[in-house]
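Engineer: This is the structure I have questions about; it appears just below.
Residue numbers (my numbering): 17 to 323.
Next up, the structure:
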């Protein structure tokens, strides 16, 4: 009997301790949960409701009238700027995500190989993410765009660059794409800060015994990179891609962002359209993230039953 009471007492103490820990955890998260409900979840639902309404201002406040799917129909079939803005966003986010991912992985791979001054080099590459606020980055990009436009006016763009001239002779479209990458190089490097940190963390979690075993089997660095490093870093690459797509989606110089801002400033009936544009934009970003997830997810080998 005494042993049973002791076991029950220990079990009761354990459950009581777990409940106290859970309450402390929820108490610690309570400010964030309350802030999320007030400033994110409720506006999120309100935006969904407003996307099916016509919202205008009057002397007493806002006049809201239900219009059904009319705002969505207008966005796709009556507004001549919205669909091209969506296509422009896709034309920006897909190649930029690829370039940012490749540059971030290469920089992280090189930083992981450095033995002396590794912390200093990481700080140098991540520091712009911390100190460059939105207005500061906007000023830098405006100055960079003015400089590029002036250079293009003086030197006719990238004419005379041997590599681009060679690429242009084979594929003018690829050359135009490369010129666009060079024009937006400042923005691309700005977005590589956090992905570099993610890749460095992922590379450090790879078991070094795998590299040692591969070297014993006479594998070179190129084979180790493609057979061990890249397959092991795919989960981290998925996180980096999702973060990059979401960050590019909130970038305030996209054409869709300008349409949303213009519709929001239109007090005669633009708030409903702004909510509609925002929801379509959100769904498009989620679709791109879903495609990235399908590309980077681990595929299980098909099971073959042996009879």
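Glycine included, C-beta positions come from ideal geometry on N, C-alpha and C.
(1) Would you list, in sequence order, the uninterrupted alpha helix (DSSP H) runs of no fewer than 4 residues that lie entirely inside the region 206-291?
(2) Is it the case that the Cβ atoms of residue 296 and residue 91 are separated by a distance below 8 Å?
(3) Could you give the distance in angstroms between the alpha-carbon of residue 119 and the alpha-carbon of residue 186?
(4) If we count the other Cβ atoms within 10 Å of its Cβ and call it buried at 16 or more, is residue 74 buried or exposed?
(5) On the DSSP letters alone, give me the boundaries of the alpha helix (DSSP H) that residue 84 sits inside.
(6) Apply the 10 Å Cβ neighbour rule to residue 207 and answer buried if 16 or more other Cβ atoms are within range, or exposed otherwise.
(7) Rank 114, 82, 78, 60 by C-alpha distance to the C-alpha of residue 304 and give the top, closest one.
(8) So, with DSSP's three-state summary, where would you put residue 70?
(9) According to the Cβ coordinates, are residue 128 and residue 219 closer than 8 Å?
(10) Quick one: what does DSSP say residue 172 is sitting in, helix, strand or coil?
(11) Alpha carbon to alpha carbon, how far is residue 93 from residue 79? Give it in angstroms, no decimals.
(12) Quick one: what's got a C-beta closer than 8 Å to residue 294's C-beta in the same chain, skipping five residues either side?
(13) Provide the residue span of the alpha helix (DSSP H) that contains residue 124, from first to last.
(14) Any idea if residue 38 is buried or exposed, counting beta-carbon neighbours within 10 angstroms, 16 or more meaning buried?
(15) On a CA-only basis, which of 108, 60, 235 is nearest residue 201? Give me that one, please.
(16) Between the region 250-267 and the region 279-294, can you find at least three pairs of beta-carbon atoms closer than 8 Å?
(17) Select from 194, 260, 111 the residue whose C-alpha is nearest the C-alpha of residue 214.
(18) Residue 290 and residue 279: beta carbons closer than 8 Å?
(19) Should residue 87 and residue 288 be called a contact, given that it needs their Cβ atoms to be closer than 8 Å?
(20) Just how far apart, CA to CA, sit residue 309 and residue 242?
(21) Leaving out five residues before and five after residue 81 in sequence, what residues of the same chain have Cβ atoms less than 7 Å from its Cβ?
(22) Residues in the same chain with beta-carbon distance under 8 Å from residue 397, minus the five sequence neighbours each way, listed in chain order, please.
(23) Checking 8 Å against the spacing of the C-beta atoms, do residue 272 and residue 102 come in under that value?
(24) By alpha-carbon positions, which one of 313, 307, 300, 306 ends up nearest to residue 104?
(25) Thinking residue 232 and residue 112 are a contact (beta carbons under 8 Å), I'd like their distance in whole angstroms, please.
(26) With a threshold of 7 Å on Cβ separation, who are the neighbours of residue 100 within its own chain once the five nearest residues in sequence on each side are excluded?
Structural biologist: Once the coordinates are examined:
(1) 209-220, 224-232, 237-240, 246-265, 271-281
(2) yes
(3) 25 Å
(4) exposed
(5) First-last for residue 84: undefined, no H or E at that position.
(6) buried
(7) 114
(8) strand
(9) yes
(10) With a pLDDT of only 49 at residue 172, under 50, the local geometry of the prediction cannot be trusted, and the value read off the model is given with reservation. Coil at residue 172, not helix or strand.
(11) 25 Å
(12) 63, 67, 276
(13) 98-129
(14) exposed
(15) 108
(16) no
(17) 260
(18) yes
(19) yes
(20) 20 Å
(21) 69, 70
(22) In this structure the chain extends from 17 to 323, so residue 397 is not present and cannot be described.
(23) yes
(24) 300
(25) So it is not a contact: roughly 40 Å between Cβ atoms.
(26) none
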